[in-house]
Amino acid sequence: MAGSTDTAGAPADRLGRLRATALSVYAGLFYAVLYLPILLLVVLSFNDSQSIGLPFKGVTLRWFEEVLGSSAMRTSIANSVLLGIASSVIATVLALMLALGFRNDFAFKNLLMKVVLLPILVPGIVGGVIYLVFFGYAELPFGVWSTALPVHITWVLPFAFLTLFPRVHGLDRSLEEAAADLGARPWVTFRRVTFPLIKPGVVATTMFAFTLSFDEFIRTLFSIGNERTVPVHLWSLLSDQMAPFLPAVGVVIMAISMMVSLAGFALSARADRRPR
Amino acid sequence: MTLNARTRGTLLVLPATLWLLLFAVAPLVLLVAMSFWTSSIFGTTPDLTLDNYRVIVEEPIYLKVLLQTLRIAVTVTLISLLLSYPMAYFIATRPMSRKNTFLVLLFLPFWSSYVVRTFVWLPMLGRNGLVNSVLLQLGVIDQPLEWLLYNEGTTHLALVYVYTLFMVLPIYLSLDRIDPRLIEAAADLGAGPWRTFRRVILPLSMPGVLSGCVMVFLLACGAYVTPQLVGGTTGIMFGNVIAPQYTVTNNWALGAALSVVLIVVVFLCLALFGRKVRLNDVFVGG
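Going line by line, the protein sequences match chains A and B. Going by the UniProt record's numbering, the first sequence runs without a break in its numbering and finishes at 276. Going by the UniProt record's numbering, the second sequence runs without a break in its numbering and finishes at 286.
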């Protein structure tokens with residue numbers, strides 16, 4: 001949709017311009033409110049003060065030193081990153097196969113679509129306790145790899161599918177058919193024709209999946225036992241006490257997920273620009 | 001040998017299907033079953049009783065918090081809608097070259113955990129937070145305001161802040177799909193801007209509005225972190241009565257029944273409004 005064009009006389013023009021200005025001012029305010037708390041957090045992460053808050057008493061890097069120097073934080077970051085990589089790769093592979101399969105007809109296709117969406121539709125808190133009950137009842141030892149990994153894969157899978165499906169669906173099937181006519185086996189067709197075509201989308205999906213896993217909290221809290229990812233670590237610090245280094249923890253989390261997301265966004269924008 | 005299309009489709013979807021049956025469907029089935037079990041200090045034992053549901057009906061606190069949760073979720077959804085629609089309209093009417101910039105600017109704050117996005121309100125509204133500091137500096141108040149945090153209002157504010165992207169995005173996408181020629185046609189036929197908006201743009205953007213509303217409502221219903229962190233005692237929601245059954249009292253069966261109640265409420269709402277929702281728009285951006 002482009003801007004509407006007022007073709008009426010001058011007064012309507014003025015009114016139209018007024019409306020456009022009002023809309024721009026509103027958008028400016030919206031962005032300001034969106035960013036103000038985040039900028040404040042960044043400012044406070046450098047604040048040389050024992051309590052979280054104002055006034056600003058001078059610049060220090062010690063909160064970052066403390067945060068990045070603590071072994072608990074480093075373990076949490078390592079857990080989050082490894083968990084994010086493992087779950088995003090596995091979920092993307094499962095989702096890609098699912099998306100490819102959805103191009104064909106098979107039994108219970110509509111029902112399966114609903115099942116795929118289930119992990120997203122279950123309310124957050126229930127999505128957490130459900131795994132405490134499930135793994136607790138199965139008497140599985142709770143931890144990053146035994147329980148949090150399957151939870152993260154399940155959580156990320158629907159998103160990965162929803163991102164990949166339109167891309168896979170939009171593929172020109174005649175290219176694959178041509179490869180098959182020329183004698184390529186299905187696997188070769190996939191590796192040499194299909195995959196190169198959707199590769200940018202797959203990479204972008206993996207990166208989005210990573211940030212979804214990296215930022216996931218409630219399902220992780222209930223399924224990770226005594227181990228911690230970064231958001232879980234932040235939560236435990238928050239419930240403990242208002243330590244002065246908390247803003248720095250928040251800034252570190254934000255920095256990591258924003259960077260990966262931005263890269264993913266850039267990649268997927270590039271993939272979309274390319275003709276299919 | 002080539003497999004026929006049907007078999008290939010089945011084989012391709014099989015791994016994910018098995019995975020989801022094990023890790024999405026089975027836990028849900030166990031939860032529903034457990035809601036009919038009995039929890040005691042010795043653990044949770046398989047049973048077939050309605051006692052947990054009786055407790056939920058008889059203890060007024062559960063119904064009260066459930067209603068409060070629905071009220072908060074509806075209010076948050078409406079506030080988000082009012083705030084997000086103009087924003088979506090703004091982005092949709094930018095020139096092609098700048099749309100992406102405004103979109104990224106919008107996305108950026110949401111690319112971090114909602115724990116962080118909720119936490120940022122503590123230094124905003126706390127005793128020596130930004131709002132109090134500014135008001136003190138300006139001489140509007142001479143004591144820090146204590147009521148800015150830890151009440152129902154704060155829960156509303158933080159939930160809107162945390163989830164409003166899920167409203168802007170689907171509305172933007174449905175606005176973006178509108179053929180500009182339709183708007184020109186309306187103008188050519190003599191409709192003023194307001195009438196064009198009301199009769200052409202608004203109806204055509206309804207799918208996005210509906211998707212956004214359902215999504216924000218769903219997310220707000222399942223909230224736990226936000227009310228826990230900034231809601232104090234008056235701003236609690238249903239998530240805050242479910243979690244303690246597992247973290248404090250170890251009453252798994254009652255917790256399961258409470259979860260089932262929340263799921264039923266949410267799924268009912270989805271069945272009512274969810275038909276026209278394009279999930280694709282909500283989560284991925286088209």
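We put the beta carbon where it would ideally sit given N, CA and C, even for glycine.
Chain-ordered neighbours of residue i on chain A, where CB pairs are closer than 8 angstroms
i: alanine 271 of chain B; result: Correct list: empty, because the minimum Cβ distance to chain A is about 11 angstroms.
i: tryptophan 147 of chain B; result: Per Cβ cutoff of 8 angstroms: no residues; tryptophan 147 of chain B is ~17 angstroms from chain A at best.
i: serine 35 of chain B; result: Per Cβ cutoff of 8 angstroms: no residues; serine 35 of chain B is ~10 angstroms from chain A at best.
Length of the line joining the Cα atoms of residue i and residue j
i: threonine 75 of chain B; j: valine 216 of chain B; result: 10 angstroms
i: arginine 195 of chain B; j: phenylalanine 90 of chain B; result: 18 angstroms
i: threonine 7 of chain A; j: alanine 187 of chain B; result: Low local confidence applies: a pLDDT of 47 at threonine 7 of chain A is under 50, so the model's placement there is unreliable, with the coordinate-based value given in what follows. The alpha-carbon atoms of threonine 7 of chain A and alanine 187 of chain B are separated by roughly 8 angstroms.
i: proline 244 of chain B; j: asparagine 79 of chain A; result: 26 angstroms
i: cysteine 269 of chain B; j: proline 207 of chain B; result: 16 angstroms
i: valine 25 of chain B; j: leucine 117 of chain A; result: 11 angstroms
i: valine 134 of chain B; j: leucine 78 of chain B; result: 29 angstroms
i: threonine 211 of chain A; j: alanine 73 of chain B; result: 26 angstroms
i: glycine 43 of chain B; j: phenylalanine 102 of chain A; result: 43 angstroms
i: aspartate 179 of chain B; j: tryptophan 155 of chain A; result: 36 angstroms
i: serine 45 of chain A; j: valine 214 of chain B; result: 36 angstroms
i: leucine 159 of chain B; j: proline 186 of chain A; result: 48 angstroms
i: glycine 170 of chain A; j: alanine 269 of chain A; result: 16 angstroms
i: valine 251 of chain A; j: leucine 40 of chain A; result: 10 angstroms
i: serine 236 of chain A; j: threonine 229 of chain A; result: 11 angstroms
i: glutamine 143 of chain B; j: leucine 20 of chain B; result: 55 angstroms
i: threonine 69 of chain B; j: threonine 155 of chain B; result: 11 angstroms
i: methionine 96 of chain B; j: aspartate 176 of chain B; result: 10 angstroms
i: leucine 14 of chain B; j: threonine 7 of chain B; result: 10 angstroms
i: glycine 231 of chain B; j: asparagine 110 of chain A; result: 40 angstroms
i: glycine 126 of chain B; j: glycine 192 of chain B; result: 47 angstroms
i: leucine 50 of chain B; j: tyrosine 150 of chain B; result: 35 angstroms
i: isoleucine 141 of chain B; j: leucine 130 of chain B; result: 13 angstroms
i: tyrosine 26 of chain A; j: valine 33 of chain A; result: 11 angstroms
i: proline 275 of chain A; j: aspartate 240 of chain A; result: Legend: pLDDT at proline 275 of chain A = 49, less than 50; position of this residue unreliable, value from coordinates given subsequently. The straight-line gap from Cα to Cα measures roughly 53 angstroms.
i: methionine 258 of chain A; j: asparagine 52 of chain B; result: 43 angstroms
7 angstroms Cβ cut-off: residues of chain A touching residue i
i: leucine 210 of chain B; result: Ordered by position in chain A, no residue passes the 7 angstroms Cβ test against leucine 210 of chain B, which lies about 16 angstroms from the chain.
i: alanine 256 of chain B; result: Val133
i: valine 225 of chain B; result: Phe217 and Ile218
i: valine 104 of chain B; result: Phe265
For residue j and residue i, believed in contact at Cβ under 8 angstroms, the rounded distance
i: isoleucine 52 of chain A; j: proline 247 of chain A; result: 6 angstroms
i: tyrosine 218 of chain B; j: proline 123 of chain A; result: Rather than tyrosine, the amino acid found at residue 218 of chain B in this sequence is leucine. So it is a contact: roughly 7 angstroms between Cβ atoms.
i: serine 84 of chain B; j: isoleucine 171 of chain B; result: 6 angstroms
i: methionine 254 of chain A; j: valine 116 of chain B; result: 6 angstroms
i: proline 231 of chain A; j: serine 113 of chain B; result: 4 angstroms
i: alanine 95 of chain A; j: alanine 16 of chain B; result: 7 angstroms
i: histidine 152 of chain A; j: serine 213 of chain A; result: 5 angstroms
i: alanine 266 of chain A; j: leucine 164 of chain A; result: The pair is not a contact, with the Cβ atoms about 18 angstroms apart (cut-off 8 angstroms).
i: glycine 212 of chain B; j: phenylalanine 166 of chain B; result: 6 angstroms
i: proline 60 of chain B; j: isoleucine 130 of chain A; result: Not really, about 26 angstroms apart at Cβ, beyond 8 angstroms.
i: valine 261 of chain B; j: isoleucine 56 of chain B; result: 6 angstroms
Partner residues on chain B for residue i, Cβ-Cβ distance less than 8 angstroms
i: tryptophan 63 of chain A; result: Under the 8 angstroms cutoff, chain B gives no residues; its nearest Cβ is about 13 angstroms from tryptophan 63 of chain A.
i: valine 126 of chain A; result: Leu31, Gly222, Ile242, Ser259, Leu262 and Ile263
Interface residues of chain B facing residue i [CB-CB closer than 7 angstroms]
i: alanine 269 of chain A; result: Asn100
i: tryptophan 235 of chain A; result: Val115
Neighbouring residues, chain A, relative to residue i (Cβ below 9 angstroms)
i: arginine 6 of chain B; result: Asn104, Asp105, Phe106 and Ala107
i: glycine 126 of chain B; result: Ile52, Gly53 and Met242
Beta-carbon neighbours of residue i, restricted to chain B and to distances below 9 angstroms
i: phenylalanine 245 of chain A; result: Under the 9 angstroms cutoff, chain B gives no residues; its nearest Cβ is about 13 angstroms from phenylalanine 245 of chain A.
i: methionine 97 of chain A; result: Leu11, Leu12, Val13, Leu14, Pro15 and Ala16
i: proline 119 of chain A; result: Leu20, Phe23 and Ala24
Cβ-heavy atom distance, residue i to the ligand NAP, below 6 angstroms
i: aspartate 48 of chain A; result: The ligand NAP is absent from the structure shown, which contains no ligands of any kind.
Outcome for residue i when other beta-carbon atoms lying within 10 angstroms are tallied against a minimum of 16
i: glycine 222 of chain B; result: buried
i: glutamate 139 of chain A; result: exposed
i: proline 123 of chain B; result: buried
i: alanine 209 of chain A; result: buried
i: proline 158 of chain A; result: buried
i: phenylalanine 161 of chain A; result: buried
i: asparagine 226 of chain A; result: exposed
i: asparagine 240 of chain B; result: buried
i: threonine 5 of chain A; result: Residue placement at threonine 5 of chain A is poorly supported in this model, since its pLDDT is 46, which falls under 50; the coordinates still yield a value, given next. Threonine 5 of chain A should be labelled exposed.
i: leucine 148 of chain B; result: buried
i: arginine 74 of chain A; result: exposed
i: alanine 92 of chain B; result: buried
i: alanine 256 of chain B; result: buried
i: leucine 31 of chain B; result: buried
i: alanine 88 of chain B; result: buried
i: threonine 247 of chain B; result: exposed
Inset, instruction - Would you check if there are 3 or more beta carbon pairs closer than 8 angstroms linking the stretch 259-271 of chain A to the stretch 102-111 of chain B? - result: Yes, since at least three Cβ pairs between the stretch 259-271 of chain A and the stretch 102-111 of chain B fall closer than 8 angstroms, the two stretches touch.
Inset, instruction - Check whether the stretch 248-264 of chain B touches the stretch 37-44 of chain B, counting contact only when three or more Cβ pairs, one atom from each stretch, lie closer than 8 angstroms. - result: Contact holds between the stretch 248-264 of chain B and the stretch 37-44 of chain B, because three or more Cβ pairs, one in each stretch, are under 8 angstroms apart.
Inset, instruction - Inspect the CB distances between the stretch 75-89 of chain A and the stretch 219-231 of chain B and report whether three or more fall short of 8 angstroms. - result: The answer is no - the stretch 219-231 of chain B does not touch the stretch 75-89 of chain A, with fewer than three Cβ pairs under 8 angstroms.
Inset, instruction - State whether the stretch 142-160 of chain A contacts the stretch 176-195 of chain A, with contact taken as three or more CB pairs (one from each stretch) at a distance under 8 angstroms. - result: No, the stretch 142-160 of chain A is not in contact with the stretch 176-195 of chain A.
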